[in-house]
Structure formats: C-alpha cells, structure tokens
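Take the sequence shown: its letters are residues 287 to 603, numbered as in this note's numbering.
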Amino acid sequence: MLQKIEIANFVLENEKRKADVSLFYQVFGKPIGNAPIILINHALTGNSNVSGENGWWKNVIDYDHIIDLHQYTVIAFNIPGNNFQIENGLSSDYKEISTLDIAKLFWLGLETMNVTNLYAVIGGSLGGGISWEMAVLHPERIQKVIPIASHYFASDWVIANVGIQDDILNYSQNPIAIARKHAMLLYRTPLSINQRFKNAKEGNIYTVNDWLSYHGILLTERFSLNAYRQMNFLLGTINIVKNGFNLNRFLKESKIEVHAININSDLLFQNNLEEYQTLHKNNANFNHYIINSIHGHDAFLMEYQQLNEILKQIFLN
287 MLQKIEIANF
297 VLENEKRKAD
307 VSLFYQVFGK
317 PIGNAPIILI
327 NHALTGNSNV
337 SGENGWWKNV
347 IDYDHIIDLH
357 QYTVIAFNIP
367 GNNFQIENGL
377 SSDYKEISTL
387 DIAKLFWLGL
397 ETMNVTNLYA
407 VIGGSLGGGI
417 SWEMAVLHPE
427 RIQKVIPIAS
437 HYFASDWVIA
447 NVGIQDDILN
457 YSQNPIAIAR
467 KHAMLLYRTP
477 LSINQRFKNA
487 KEGNIYTVND
497 WLSYHGILLT
507 ERFSLNAYRQ
517 MNFLLGTINI
527 VKNGFNLNRF
537 LKESKIEVHA
547 ININSDLLFQ
557 NNLEEYQTLH
567 KNNANFNHYI
577 INSIHGHDAF
587 LMEYQQLNEI
597 LKQIFLN
C-alpha cells in the first residue's frame, strides 16, 4: 500500500525553498520496529513497488528469498517526481534537483517514521548513487550500504549520456520513446543484443528494432515527460566527492560497511576494478563484488543467481 509523508519547508541543495514535499513510500515484511530495516533505493525507471506480484525486484525481496520478509522490514521510497501512481515533484525546474536532495529527503522521511538506524541501504544504478549520498550524510546510522551497478560520482561518460538523453527529451517529436531506445543500448551490450536477436526479422522489420519500439511505448505509458526529464537529470548529479570530500578518510573514520557490486560488462557505470581493489586494500570496511554477465548495466535486473549469492555473502558477514 502506498503511504505518504508530508515534509514542510524542504531546502534544496541550491538553497531554493520548496514547501510541503509529498514523499510516497511502501513497507514490506515485518512491521517497523519489529525487525532490522533495509531501505531500497530504486533505479531511474523504478519505483517503491519492490516486492509482491508486480514487484520489480521480487526475485530478491520476498518471503523466503535472500531478503526474507519473514526476517526484515523493507522500506522503499518513490523519488518525488518519478510519476509512480501520482504526479508530484520537488520543483518545476528539474535541473534544480540533485541526488543529495533526494538523500536528505529520504532521511527526513525515515526520521518522520521514527526510523533512526538501518541494517542496510541498497540501490541499483541511480538508486546506488542515492545510497552513497545517504551513507555520507549519516554513516553512523547505516550498518551496510550496498550500491549496485553504480558509482560514487557520475563520470564524464555518464554526464555526456545524460546530456544526450536530455536533448532527445527536449527536442524530439517522440521524446520518451526515442530516449528510451537510446538508453536501452547503454543498459545492454553489443554481445547481448547480437546473441539475442541474430539479425532476425518479422516481415520487413528487424526484431531488435521491434524490441526497442516495445520498450519505448512501455515507458511512454509509464512516464510523463517532466518525470523522465527529472529522473534522467538526477543520474548526472551523483557526486559525493565534491567540496573536497575524501572517500578514503571517510572509510577510515566510519564503521559503515560498503559493499559495492559492479558488472563486468557495464557500459554505463564502469566497474572501476582497479580503484575498488585499492579501496579494499586500504580499508577493511570496503568490499567489492563483480557480476559476470554479457548483459551489461541491466544485469542487476537479470542475473539473479549471481546477485543473490553475493547478497547472501554480505548478509552472513
């Protein structure tokens, strides 16, 4: 069931004030206060519906699954403006909002629910960036942060692709569908696409183009233009290292466990193997895992056997 929290006089990172933000969320599993709490931060096209019949992560979160709803309370917020069941946003100008704003809002929402400590914060892609931001804001309140297919700042490659998406969304005649087609090719790999479609045709139409059109139509039905613009723009704002923040010092001075899960073939967020190996070598509380897949960025929504095995290792530690 979708629930709502009202947060008054929220101040954006750029110091423009927005009164009365509506923050929508869902709770799964044990009642709040009766079990360890796991917060799930959704990806760009995701939402708070993480479990149940139509849950987008039901292969991970459910009764008797890796995140077992018999054992945990799972909370999932909707990023304001994500257009899930209701149109609401933080600002009429989507370029005013950052992932830091979302992280602060989520903490305010949790405080309103009398939740001060989290067993784990987990997020994929954009949600992983928000998870990093939340961890930096309050490391003392989180035992484990698990960013998946993400990074602690948006690289030039990510920012460039966010910019292309923004141009498509602002100047195309069929903006959401075309932007989604472009994005799908960032979320997969040439090998994955080639192995799946093998130059097949349905009449005069290549099956791969039919598949892209299907995803474009699907997202057009799910998103308003304003919502997709905002969610896309947020991806390029991930950045915990601005203003001189030092990640190594942060890891040494906090007790939080960081468990970064990357995908070897990710074309959007590179797996940063060398950097993460160095972070692990210098910090016992930083751990790095790789999902091996031909499918690229979206492997965290496809390679459930590997993902569940990694999460099992993390939760048993």
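Glycine residues also receive a C-beta, built at the ideal position from the N, C-alpha and C atoms. Quick caveat, the model's predicted, so the values are computed rather than measured.
Within the same chain, show all residues whose beta-carbon is closer than 6 Å to that of residue i, passing over the 5 residues directly before and after it, in chain order.
i	result
Lys528	none
Met588	His581
Asn345	Tyr590
His501	Arg466, Met470
Leu325	Ile361, Leu404, Val407
His574	Ala546, Tyr562, His566
Trp343	Val336
Gly341	Asn335
Asn578	Asn550
Are the Cβ atoms of residue i and residue j separated by less than 8 Å?
i	j	result
Leu423	Ala389	yes
Glu382	Leu298	yes
Val431	Val313	no
Arg515	Asp452	yes
Ile462	Thr493	no
Phe370	Asn327	no
Leu309	Gly395	yes
Ile352	Leu597	yes
Ile293	Leu391	yes
His468	Ile454	yes
Tyr311	Asn364	yes
Ile291	Thr402	no
Asn557	Ile576	yes
Who are the near neighbours of residue i in its chain, counting only those whose CB is closer than 8 Å to its CB and skipping five residues on each side?
i	result
Ser411	Ala329, Leu330, Ile434, Ala435, Ser436, Leu521, Leu554, Phe555, His583, Phe586
Ala440	Gly415, Val448, Leu521, Gly522, Thr523, Ile524, Asn525
Ala321	Gly315, Gln357, Tyr358, Thr359
Pro317	Thr359
Glu488	Asp496
Asp350	His356
Leu533	Tyr438, Ile526, Val527, Leu565
Ser540	Pro425, Glu426, Asn571
Among the candidates the options, whose CA atom is the shortest distance from the CA of residue i?
i	options	result
Ile549	Lys487, Ile365, Gln592, Gly341	Gln592
Tyr380	Thr564, Ile454, Phe363, Phe519	Phe519
Lys538	Asn403, His574, Pro425	Pro425
Ser510	Arg535, Asn456, Asn534	Asn456
Met420	Thr385, Asn364, Phe601	Thr385
Ser499	Lys567, Phe601, Ile464, Phe536	Ile464
Asn569	Arg535, Ile596, Ser579	Arg535
Ile542	Val336, Asn490, Asn485, Ile600	Ile600
Leu477	Ser551, Ile454, Asn532, Ile503	Ser551
Trp418	Asp387, Glu397, Ile491	Asp387
Ala446	Tyr438, Leu472, Gln459	Leu472
Asn571	Met399, Phe531, Asn603	Asn603
Asn400	Gly319, Asp350, Thr475	Gly319
Leu504	Ile491, Asn460, Asn532, Thr564	Asn460
To which residues of the same chain is residue i closer than 7 Å at the C-beta, ignoring the five residues directly before and after it?
i	result
Asn368	Asn333, Ala513, Met517
Asp348	Ser337, Leu355
Arg474	His581, Gly582, Asp584
Can a CB atom of chain B be found closer than 8 Å to the CB of residue i?
i	result
Thr506	The structure shown has no chain B; it contains just one protein chain.
Original post:
Which ranges does the alpha helix (DSSP H) cover as unbroken runs of at least 4 residues, wholly within the segment 438 to 491, from first to last along the chain?
Top reply: 442 to 457, 461 to 473, 476 to 483
Original post:
Going along the chain, which unbroken runs of the alpha helix (DSSP H) with 4 or more residues stay wholly within the segment 360 to 437?
Top reply: 385 to 398, 412 to 423
Subject >> 4-residue-minimum alpha helix (DSSP H) runs that sit fully inside the segment 542 to 571, ordered along the chain >> reply: 559 to 568
**OP:** At 4 residues or longer, and completely inside the segment 507 to 548: list those alpha helix (DSSP H) runs for me, N to C.
**Re:** 511 to 521, 533 to 539
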